[in-house]
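Engineer: Have a look at this one.
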Amino acid sequence: MIAVRLRLGTYAAPILNRRRPASLATRSSTRLPNAYLSEVNMPQNVETTTLRDLLCASVNAELVGRRVSVCGWVAKRREHGEHLAFVDLRDYTGVVQCVVPGSLDVRSEYVVRVTGTVARRPDGTVNEKLATGHVELTECDVDVLSVAEPPPFQLDDRVDIDEQVRLRYRYLDLRREKMQSNLRLRAKVNSSLRRSMESQGFCEVETPLLWAPTPEGAREFVVPSRLRHGEFYVLPQSPQIAKQLLMVGGFDRYYQIARCMRDEDLRADRQFEFTQLDLEASFVTQADVLGFVTEAVLDAAEAATGVRPGPIETMTWKEALDRYGTDKPDLRIGLTLHDLSSAFATTDVKAFSAPTVKAIRVPGGATFSRARLDQLTDQAKSLGAKGLAWFRVTASGLDSPLDRFLNDDERTAVRGVDGAGEGDLVLIVADEYERACKVLGALRLAIAAPPVSEGPYRYLWVTEFPLFEGVDDDGNLVSAHHPFTMPHLDDLDLIENDPLRVRSQSYDLVLNGWELGSGSVRIHRADVQSRIFKALGISDDEAQSRFGFLLGAFRYGAPPHAGFAFGIDRLVAIFAGEENIREVIAYPKTQSGTDLMTGAPKAIGERQLRDLGLRLPPKG
RNA sequence: GGACCUGUGGUGCAGCUCGGAGUGCACGCCGCCCUGUCAAGGCGGAGGUCGCGGGUUCAAAUCCCGUCAGGUCCGCCA
174 MIAVRLRLGT YAAPILNRRR PASLATRSST RLPNAYLSEV NMPQNVETTT
224 LRDLLCASVN AELVGRRVSV CGWVAKRREH GEHLAFVDLR DYTGVVQCVV
274 PGSLDVRSEY VVRVTGTVAR RPDGTVNEKL ATGHVELTEC DVDVLSVAEP
324 PPFQLDDRVD IDEQVRLRYR YLDLRREKMQ SNLRLRAKVN SSLRRSMESQ
374 GFCEVETPLL WAPTPEGARE FVVPSRLRHG EFYVLPQSPQ IAKQLLMVGG
424 FDRYYQIARC MRDEDLRADR QFEFTQLDLE ASFVTQADVL GFVTEAVLDA
474 AEAATGVRPG PIETMTWKEA LDRYGTDKPD LRIGLTLHDL SSAFATTDVK
524 AFSAPTVKAI RVPGGATFSR ARLDQLTDQA KSLGAKGLAW FRVTASGLDS
574 PLDRFLNDDE RTAVRGVDGA GEGDLVLIVA DEYERACKVL GALRLAIAAP
624 PVSEGPYRYL WVTEFPLFEG VDDDGNLVSA HHPFTMPHLD DLDLIENDPL
674 RVRSQSYDLV LNGWELGSGS VRIHRADVQS RIFKALGISD DEAQSRFGFL
724 LGAFRYGAPP HAGFAFGIDR LVAIFAGEEN IREVIAYPKT QSGTDLMTGA
774 PKAIGERQLR DLGLRLPPKG
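Listed below in C-alpha cells is the structure:
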C-alpha cells in the first residue's frame, strides 16, 4: 500500500476534485504563501529556489530516502484506477516519474510542484530509456501552480509539426527538447566566443542601433524621428563604421556580439535580423585577424561539439572559383572542376567555342537517367549557361549526343577528366570563365551536396577576393566588399589601369559550403581611399556627405586596422544539425517577414503616425 | 519581381491522376474501467466552411482560374 498525502493547503484546494471545472480560469490564480515573498534567499546551488530543491534530471539514486521538491510541467499522466497514477514531470533538464493517487486531477502541461520521497523503483519497473529511470518520487504532495488547456500540438517529438503551427505557439514549441537544446547550444557558443575574445585581449563595446542612413549595400530598416519630422534613423546592417571609429578612438581590439538588420528577402540561412560576432583590431595585418577569428571559432566548436578542430586551411578566391566553381567551397565534396580550355582551343564544335571550357567528373554518373540529365541541363541554363554537355563514359568510348562531333584529341581530353573511367559521367560547360565555373559549381552541389550538418566539419579561409566585382549601369565599378577595403599592396598600380584584376585584402570564412562571415583590412590612408572612391565614381562631395564622419575621423590619426564578422546563427545551426537558422532563433520571422506569434508587422494608429509626422497614402 | 512545393477535425497523414454522401488511419481530447505504467491498456464518445473566392458540372476535397498563408530556390543580401 502506498501512502500518499495530498496537501490541501493555501493554494491547492481543488486538487482532489476529479471533475474538470467549467472554466479553467477559475482555477488559474495561484497565491503563494507569504513566506515565499518575505525573505532574501541565498541559494545553495544553481538548481535550488524557494519552490524547489533540484531539477528533474538531478533526482538520482544517491538521494534515496530524501524528501525533495521539484517543479515543472506535466509531460504525461498514466492512470491506473483511483489508487495509482504516474505523472512524468518535465523541466528543461528532463523528466522524473512521480507516483500519485489516481484521483489527482493533473493533466498535460499543468504546472505543478511535487514534493516527494526519492525511492528506487520496484524490481521490474526500471525504465532504462529514461535518465532518471531507476528512481521515482513517492508519497507525493502535489501543488498545482497553473492549470493548462491541452496544447494545440503534442510537445513530444513523435511527429514533425508544421512550422506554421510551431511559430504561432512558439512559447510552447520552445518547451520541446529540441528547441531547448538548440537555444542552450547557442548560449554555450555565445559564452565561449565571449571568453575567447576576452582572453585574446578584446574589449566588448556596444554600438548604436539607431544609426545614420548610408545608402550602400543592403536595404536598411528605417526608423522615423519623432523630434525631427521628415528625418530618419536606420538600423545598422552591421556596426562597420562604428567599429572603425572605435579603432580611431584607441580601443585597439574591439568585439561585440552584434545584432544586424537587413531589409532583404529571407531564406533558410537569412533573417531580417541576425547575430554576428563582430571584431576589429588595430596595428594588425590580415594574418593577425585570421588568427583571432580562427581561435574564436575553434573555441566555439570545441564548446559546442566537444572536439577542437585542427587548423583551418586557406585558399585564394581564384583557386576556389577555379576548382570548386564558388567562393564558398564545400570541401566535404571531393569533386573538383577541371579545365579543358586548351584541349578545345581550336575546336570546330560550336558548343565548345568559348573562352573557358570546364568539366567535372561524376563518379558512377553514367547511370543518370535522361530525365535527370535534362533537369541538370535546365538548371545550367537557368544559371545562364547556353547548355550542358554530358558524356557517359563506357567501355568502348563515350555515350553522348555530342560525341560524333568531337575529334580524337577532344575525345581523349574528355575521357581524361579527373581520371574518368567506365560508368562515370563527364559534364562540360563552355562559357566566359566565371560563368563556366559557377554553373559547374552549382551542378556539383546539386549532384553531391549532403545536408550542411552532415559529415565532418570542413572550415576554410578564402582570401584575396577581387576588390571590385563588376561595373554598374552607369559604368562605375562596384565594390565586392565595401569601399573601405584595402587593395592588395602588389595591385595598387592596377586600380586605374585594370581595376577588375585588383585583389583585395579581404577574406571569408566558410564551413561546409555556408559562408559564415567575411572581413578585410581597411584603408587607413587618405590617398588610397580617394583613389578607390574615384574608381567607384564617388565624388569628393558625395563621399563627404555619406561617409564624412568616418573620413573626418581618419584625418586625426587612424591606425592600420582590420576586422571580421561572422554569423552566429549559421554557426550554431550547423553545430545543431539544422538546415535552417530559424531552428536556432527563439522568435524568428517567416519567409515573408511576418511574426506569426505577435502578428508583426502591424498597422499603427493615427496618433502614433501624427507623432512621427507620417501620413499613409490612401488605400488602393 | 519570378519558379516550384504544400494547405483535409486540435496534431500528423491517406483520399485528389480516373469528380459520385466528409470516407479512412495514427496521435491528442472528453467520459467510464483499471494498484506498476512509462508510445500504458480496455470500452465508449465528441470534434470538419477539405485555406478562401469564383468557374465548369446533374454532382467538386478531387478539374479550371484567381487569391491568401507557409516552405525551398532565383533575383536581392556592399
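Residue numbers (the working numbering): 174 to 793.
From the three backbone atoms N, C-alpha and C, an ideal C-beta is built for every residue, glycine too.
Which same chain residues, not among the five before or five after Phe706, have their C-beta less than 6 Å away from its C-beta?
Structural biologist: Once the five neighbours on either side are set aside, the close Cβ partners of Phe706 are Ala716.
Engineer: Just list the residues that DSSP pairs Tyr680 with in beta bridges.
Structural biologist: According to DSSP, which records beta bridges pairwise, Tyr680 is partnered with Thr636 and Gly692.
Engineer: In whole angstroms, give me the CA-to-CA distance for Val232 and Thr298.
Structural biologist: Roughly 17 Å between the two C-alpha positions.
Engineer: What residue does the alpha helix (DSSP H) around Ala615 start on, and which one ends it?
Structural biologist: That run of the alpha helix (DSSP H) goes Tyr606 to Ala621.
Engineer: Would you mind giving the Cβ-Cβ distance between Phe641 and Leu667, rounded to the nearest angstrom? I have them listed as a contact below 8 Å.
Structural biologist: Phe641 to Leu667, Cβ: 10 Å. No contact.
Engineer: Quick check on Lys249: does DSSP put it in helix, strand or coil?
Structural biologist: Three-state DSSP puts Lys249 in a strand.
Engineer: Among the residues of its own chain, which have a CB less than 7 Å from the CB of Phe445, if the five just before and after it don't count?
Structural biologist: Same-chain partners within the cutoff: Met434, Arg435, Asp436, Leu439, Lys762 and Gly766.
Engineer: Classify Ala454 as helix, strand or coil using the three-state DSSP reduction.
Structural biologist: Three-state result, Ala454: strand.
Engineer: Measuring straight from C-alpha to C-alpha, what distance separates Cys244 and Ser364?
Structural biologist: Rounded to the nearest angstrom, the two C-alpha atoms are 27 Å apart.
Engineer: Name the two residues that bound the continuous alpha helix (DSSP H) containing Thr266.
Structural biologist: Element bounds for Thr266: n/a, residue is neither H nor E.
Engineer: Taking 8 Å as the threshold (C-beta atoms), are Gln417 and Leu723 in contact?
Structural biologist: Contact flag set, yes.
Engineer: Can you give me the start and stop residues for the beta strand (DSSP E) that Glu475 sits inside?
Structural biologist: Looking at the DSSP string, Glu475 is not in any beta strand (DSSP E); the run it does join, the alpha helix (DSSP H), is Gln459 to Thr478.
Engineer: Can you pull the DSSP bridge partners for Leu510?
Structural biologist: For Leu510, which the question treats as bridged, DSSP gives the partners Ile533.
Engineer: For Tyr427, name the three-state secondary structure that DSSP assigns.
Structural biologist: In the structure shown, Tyr427 sits in a strand (DSSP, three-state: E or B).
Engineer: Are the Cβ atoms of Val590 and His654 separated by less than 8 Å?
Structural biologist: Their beta carbons are not under 8 Å apart, which means Val590 does not touch His654 by this criterion.
Engineer: Exposed or buried, which one is Asp503 when buried takes at least 16 other CB atoms within 10 Å?
Structural biologist: Label assigned to Asp503: buried.
Engineer: With DSSP as the reference, label Met352 as helix, strand or coil.
Structural biologist: Three-state result, Met352: helix.
Engineer: Would Ala586 pass as a contact of Leu508 if the rule is Cβ separation under 8 Å?
Structural biologist: Their beta carbons are not under 8 Å apart, which means Ala586 does not touch Leu508 by this criterion.
Engineer: Could you tell me if Pro386 is buried or exposed, where buried requires 16 or more neighbouring beta carbons within 10 angstroms of its beta carbon?
Structural biologist: Result: exposed.
Engineer: Can you check DSSP and say which residues form a bridge with Pro274?
Structural biologist: DSSP output for Pro274 lists no bridge partner at all.
Engineer: Smallest Cα separation from Arg617: which of Ala708, Thr550 and Pro656?
Structural biologist: Residue Thr550 is the option with its Cα nearest to Arg617.
Engineer: What does the alpha-carbon distance come out to for the pair Leu782 and Arg399?
Structural biologist: Going by the C-alpha atoms only, they are around 9 Å apart.
Engineer: Quick check on the DSSP output: the beta strand (DSSP E) that includes Arg728 runs from which residue to which?
Structural biologist: That residue, Arg728, is in no beta strand (DSSP E); it is neither H nor E in DSSP.
Engineer: Quick one: using the 10 Å Cβ neighbour count with 16 as the cut-off for buried, is Gln429 buried or exposed?
Structural biologist: Under this definition Gln429 is a buried residue.
Engineer: Pop quiz: Ala553 and Val602 are said to be a contact at Cβ under 8 Å. What is the actual Cβ separation, rounded to whole angstroms?
Structural biologist: Confirmed, Cβ separation roughly 6 Å.
Engineer: Looking only at DSSP bridge pairs, what is Asp261 linked to?
Structural biologist: Answer is Lys249 and Gln270, bridged to Asp261.
Engineer: Please classify Ala476: is it buried, with 16 or more other beta-carbons within 10 angstroms of its beta-carbon, or exposed?
Structural biologist: Under this definition Ala476 is a buried residue.
Engineer: Around the Cβ of Glu637, are there at least 16 other Cβ atoms within 10 angstroms (buried) or fewer (exposed)?
Structural biologist: Buried.
Engineer: By Cβ distance below 6 Å, which residues in the same chain neighbour Lys249 in space, the five residues on each side in sequence not counted?
Structural biologist: Only Asp261 meet the Cβ criterion.
Engineer: Could you check the C-alpha separation between Val338 and Leu366 for me, to the nearest Å?
Structural biologist: Going from the Cα of Val338 to the Cα of Leu366 covers about 33 Å.
Engineer: Can you list, in chain order, the stretches of the alpha helix (DSSP H) that have 4 or more residues and sit fully within the region 553 to 603?
Structural biologist: Counting whole runs of 4 or more residues, the region 553 to 603 contains the alpha helix (DSSP H) stretches 581 to 588.
Engineer: Using the rule of at least 16 other Cβ atoms within 10 Å of the residue's Cβ for burial, across every protein chain shown, is Tyr283 buried or exposed?
Structural biologist: With 16 or more other Cβ atoms within 10 Å, it is buried.
Engineer: Who does Gly721 pair with in a DSSP beta bridge?
Structural biologist: Gly721 pairs with nothing; no bridge assigned.
Engineer: Leaving out the 5 sequence neighbours to the left and right, which residues in its chain are closer than 7 Å to His256 when beta-carbon positions are compared?
Structural biologist: So the qualifying residues of the chain are Pro274 and Gly275.
Engineer: Gly721 and Leu452: beta carbons closer than 8 Å?
Structural biologist: No; because the gap between Cβ atoms is not below 8 Å, this pair is not in contact.
Engineer: Under three-state DSSP, which class holds Val651?
Structural biologist: Strand.
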